[in-house]
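Trainee: With positions in the sequence shown counted from 1, the corresponding number in our numbering is that position plus 14.
Glycine included, each C-beta is placed from N, C-alpha and C at the ideal position.
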Amino acid sequence: MFDARLARARGAIEARLAREFATLNPLPVTEAMRYASHGGKALRGFLVLESAALHEVDAARALLPACAIELMHAYSLVHDDLPCMDDDDLRRGQPTVHIRWDDATAVLAGDALQALAFELAAHPECGPGEVRAELALSLARAAGARGMVLGQALDIAAETATAPLTLEQITTLQAGKTGALIEWAAVAGARLAGAETGPLSDYARFLGLAFQIADDILDVAGDPEKTGKRLQKDAAAGKATFVSLLGLEGATARATELAEAACDALAPYGDRADCLRQAARFVISRDN
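(1) Any idea which residues DSSP pairs glutamine 108 with across the strands?
(2) Tell me which residue opens and which closes the alpha helix (DSSP H) that glycine 165 is part of.
(3) Do the CB positions of alanine 276 and alanine 287 come within less than 7 Å of each other?
(4) For glycine 59 and glutamate 84, which I take to be in contact (beta-carbon distance under 8 Å), what is that distance rounded to the nearest angstrom?
(5) Please confirm if the segment 215-222 is in contact with the segment 188-201, defined as three or more CB-CB distances below 8 Å between the two stretches.
(6) Check methionine 15 in the structure and name its three-state DSSP category.
(7) Between the alpha carbons of alanine 147 and threonine 180, how many angstroms are there, rounded?
(8) So, with DSSP's three-state summary, where would you put arginine 114?
(9) Between alanine 228 and chain C, is any beta-carbon pair separated by less than 7 Å?
(10) Looking only at its own chain, which residues have a Cβ that is under 7 Å from the Cβ of tyrosine 49, when we skip the five neighbours before and after it?
(11) Is the Cβ-Cβ distance between valine 297 and alanine 228 less than 7 Å?
(12) Give me the residue from Leu57, Ser51 and Gln292 with the minimum Cα distance to serine 90.
(13) Excluding sequence positions up to five away, which residues of its chain have a Cβ less than 6 Å from the Cβ of glycine 165?
(14) What number of angstroms, rounded off, separates the C-alpha of proline 238 from the C-alpha of glycine 25?
(15) CA-CA distance, aspartate 125 and threonine 255?
(16) Quick one: what's got a C-beta closer than 6 Å to glycine 53's C-beta in the same chain, skipping five residues either side?
(17) Skipping 5 residues on each side, what residues in its chain have a beta carbon closer than 6 Å to that of leucine 130?
(18) Cα-Cα, which of Pro79, Asp102 and Ala207 is closest to alanine 154?
(19) Express the C-alpha separation of alanine 156 and isoleucine 196 in angstroms, rounding to a whole number.
(20) When the Cα of glutamine 108 is compared with those of Thr119, Asp95, Met99 and Ala118, which residue comes out closest?
(21) By a C-beta neighbour count over all protein chains shown, 10 Å radius and 16 as the cutoff for buried, is isoleucine 170 buried or exposed?
(22) If you drop the 5 nearest sequence neighbours on each side, which residues of the same chain put their C-beta closer than 6 Å to that of glutamate 64?
(23) Within the same chain, show all residues whose beta-carbon is closer than 6 Å to that of leucine 168, passing over the 5 residues directly before and after it, in chain order.
(24) Since arginine 75 contacts glycine 141 with CB under 8 Å, what's their CB separation in whole angstroms?
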């Protein structure tokens, strides 16, 4: 069930994004935007669609917020890969945007992806004005200096810190860098429905941390051909990670605990949330 629904979500998101990109001027920056947003798992967009279905929100209303979070995630990767940040030349098995084009195009593509994300989150198709305003406001908080950007800034600061980060500090860092957008995605359906966000917010916090621990495990033990990016960069840079602090077995056990905690948080929804439970188990078993 999970694999089929994830594939269906990815197909719907890619089709709608193709329509949006077709309305833009055919410039290199537009092609770079399309390139950057293609080829991912669309897990965040899937979470939007699944949380909407859980609240009986029409899929057509949820599709644009699902597209919005995928665009926001794509923007973050484009900028994260730049030489002034993580300086990566490979993403999803393909040259990164600044390698395929140049630094300026990558900066502009990232900026435009972010702007388009807000445009879609506030689109009239998403529902009444108050719902769209809440989607846009919460997305700004999740993506900015209270969320993802904060986490990225803490990560950059850690590179020149005199001592490695503690487990608590890494958890705080990753709650922003990785977890904030995942949480936005998971509660978007409840926001669309005007429903209580607590259970899905709890689910997402556990899920986001499990996702990041799985990433740290893949960085140490993954296959570069499957991950589509360079591995073991954190170890080479001497950065503290969940694996460096907990060990490979300890990190694996912690990710499993978090995935199960995420599943438990969905108890109020009963069997209707089984696909989201499968998503939690997927994030710790994936190979890319």
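Mentor: On the basis of the supplied data:
(1) Arg105
(2) 162-173
(3) no
(4) 5 Å
(5) yes
(6) coil
(7) 37 Å
(8) helix
(9) Given the protein chain composition of this structure (a single chain), no chain C is represented.
(10) Val111 and Arg114
(11) yes
(12) Ser51
(13) Leu187, Gly190 and Lys191
(14) 25 Å
(15) 29 Å
(16) Arg106
(17) Leu85
(18) Pro79
(19) 9 Å
(20) Asp95
(21) exposed
(22) Cys289 and Leu290
(23) Leu187
(24) 6 Å
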